[in-house]
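As numbered in my numbering, residues 1124 to 1471 make up the sequence shown, in order. Virtual Cβ for every residue (Gly too), placed ideally from N, Cα, C.
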Amino acid sequence: MTQSAFTPPRLVLYGIGQYGSHVARMAVEKGWPIVAAYNRAGPKVGQDLGRAIGLGRDLGVVIQDCDSADYAGLQADIGIVATTSLLRLNLPAYTRLMSAGLDVLCHGAQSYYPHTADAPAAAEIEALARAHGVSFTGGGIWDMSRIWAGLLVAGPCTHIRSLFHSSITDAQIQAATPQQAMQVGCGMTMQEFFDKGLDKSPLPGSYKTIPQHVLAALGLRLKETRVRIEPVTFDVAVETRLMGVLPAGRCLGSRIIVDVDTEEGVGAHAEMDVRFFRPGEIEHMFWSVDGMPRTSVRTERLDTDYATAACLFNRIPDVIAAPPGIVPVSQLGPLKPSAFLGQRQSHG
Ligand SMILES: NC(=O)c1ccc[n+]([C@@H]2O[C@H](COP(=O)([O-])OP(=O)(O)OC[C@H]3O[C@@H](n4cnc5c(N)ncnc54)[C@H](OP(=O)(O)O)[C@@H]3O)[C@@H](O)[C@H]2O)c1
C-alpha cells in the first residue's frame, strides 16, 4: 500500500480507562473515525467520549454500557479492548465485537500469546474468530520491546544455544496508588511478601509467555516451562514518590523468573522486575543470544504509558489486514510507525 492509498480505519473502543483514552486521543489526532465506545456501568457511561478523555469538547460519541449495548450493525473495522489482562474476563468483549464482524486488538497481557497464557480461552477465541472471519491480536509495549526485540536479536545467528531476557519495569509508573504498588509487593517486608501470598501472584502467568512467544516464533517447539516470583530488595534505602523512603532490605517489588526448554534443546531464561527504581535507573528490556554470533540488544522505555498505547495503536492496520484467527504480533512483522500514514509522499 502506498502512503497516499491509506484509508483511515474505523475504530470501536471497549474500555475507556488510561490506555483506551490514549488510543482515543491518538485516533482523534490522526483523524481515524471512532464509531462507538463502551465501558462497564459507572460514571463514564452516558458521557461524550471527547469529554471523558479530556479533550474538553464533544466528539458526538456517547460511551455506552457494554452489557446493555446493541452491537448489531456496527460499521467499524476493529475493536480495541483495554479492560483487563485476563482473556477469560475479556471473553464477553471479544464475543460481542467479533460477532459484529470486527477484528479485535487487545491490550491485556495474556492476549499476546493466548495459547499458553490460557489454552481453553484461546480455543474459544480461535473458534470465534474463525466463525466470523476476523482476526485477534494482543498488543502493547511488549510488541516492540520484548517480542520483536527478541526476534531481531536472534536474526543474525547461524547457531543458537540459549537466549536470555531481562527487564526492569517501573512500578511507580504502572501504579497510581500505594495499594496498586503493593500488588507487586512494594513497601512490604520479606515476611509480608510471602504471608500475603505474593509468591502465588498471577503475574508469571502472563510474563512466561514472553520467552515462550519468542522461542515459538523462532520455530522451536516448547517443551517445559518453569516460573517463580520473588521479592526484590536492595541493601540501601530508596526514596519513592508513592511510599516515601523505604529502608534497606524492604521489598521494592517483584522479580518474575522464567525458564523455558524446547524439544530442540535451546532454552530461554528470563528475569523480569516490576519494582520501584533507584535514582538513575531507566526502564529497559534486554535480550542476548548465546550462539554464533553472540548478539544482544537493549531497548529503553521513555514516555512509557504513551509508548504502550502507541504500540497498540500502530498495530491497527496490521490487525485489520491479518487473516482470520489468533494472529500474534510475531506474525505481523516489526511494528511500523503511524507517523507518516495518510501523508502524501513528496517526490520533489
Ligand atoms: N499490553 C501491554 O503491554 C500492557 C501494558 C500496560 C497495561 N496493560 C493492560 O491494559 C489494561 C488496561 O489498563 P488501564 O491502565 O487502561 O486500566 P484502567 O485505567 O483501569 O482502564 C480499564 C477500563 O476498562 C473498564 N473495564 C474494566 N473491566 C471491564 C469490563 N469487564 N468490561 C468493560 N469495561 C471494563 C474500566 O472501567 P471503570 O471505569 O469501571 O474502572 C476502565 O474504564 C489492563 O489490563 C492492563 O494490565 C497492558
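- In this structure the segment 1268 to 1280 touches the segment 1448 to 1466; the number of beta carbon pairs closer than 8 Å is three or more.
- In chain order, C1280, H1282, I1283, R1284 place their CB closer than 7 Å to the CB of G1414, counting only its own chain and leaving out the 5 sequence neighbours on each side.
- Partner residues in a beta bridge of Y1236, as assigned by DSSP, do not exist.
- CA-to-CA, the gap between C1374 and T1356 works out to about 5 Å.
- D1441 has no beta-bridge partner at all, per DSSP.
- Shortest gap from the CB of L1326 to any heavy atom of ligand 1: 7 Å or more.
- Q1295 and R1364 have their C-alpha atoms roughly 7 Å apart.
- With 16 or more neighbouring CB atoms inside 10 Å of its own CB, V1257 falls in the buried class.
- Around the CB of D1266, 16 or more other CB atoms lie within 10 Å, so the residue is classed as buried.
- Per the C-alpha coordinates, the member of L1197, D1200, A1216, Q1198 positioned closest to T1206 is A1216.
- D1226 and D1382 have their C-alpha atoms roughly 33 Å apart.
- Straight across, the Cα-Cα distance linking G1202 with A1432 is about 14 Å.
- In the three-state reduction of the DSSP assignment, M1395 falls in the strand class, which pools E and B.
- By the 16-neighbour rule on beta-carbons within 10 angstroms, D1318 is exposed.
- About 6 Å separates the CB atoms of T1218 and L1251; that is less than 8 Å, so the two are in contact.
- A contact is defined here as three or more CB-CB pairs under 8 Å, and the segment 1153 to 1163 meets this definition with respect to the segment 1130 to 1144.
- DSSP places D1318 inside the alpha helix (DSSP H), whose first and last residues are 1313 to 1318.
- Membership of T1418 in the beta strand (DSSP E) is indicated by the continuous run 1418 to 1423.
- Counting along the chain, A1160 sits inside the beta strand (DSSP E) bounded by residues 1157 to 1162.
- Of the other Cβ atoms in all chains shown, fewer than 16 fall within 10 Å of the Cβ of F1463; this residue is therefore exposed.
- Per the DSSP secondary-structure output, C1280 pairs with nothing in a beta bridge.
- With a cutoff of 7 Å, I1449 does not count as near ligand 1, since its C-beta is closer than that to no heavy atom of the ligand.
- Taking 7 Å as the cut-off, the C-beta of H1282 does not count as close to any heavy atom of ligand 1.
- At the C-beta level, G1231 and V1204 come within 8 Å of one another.
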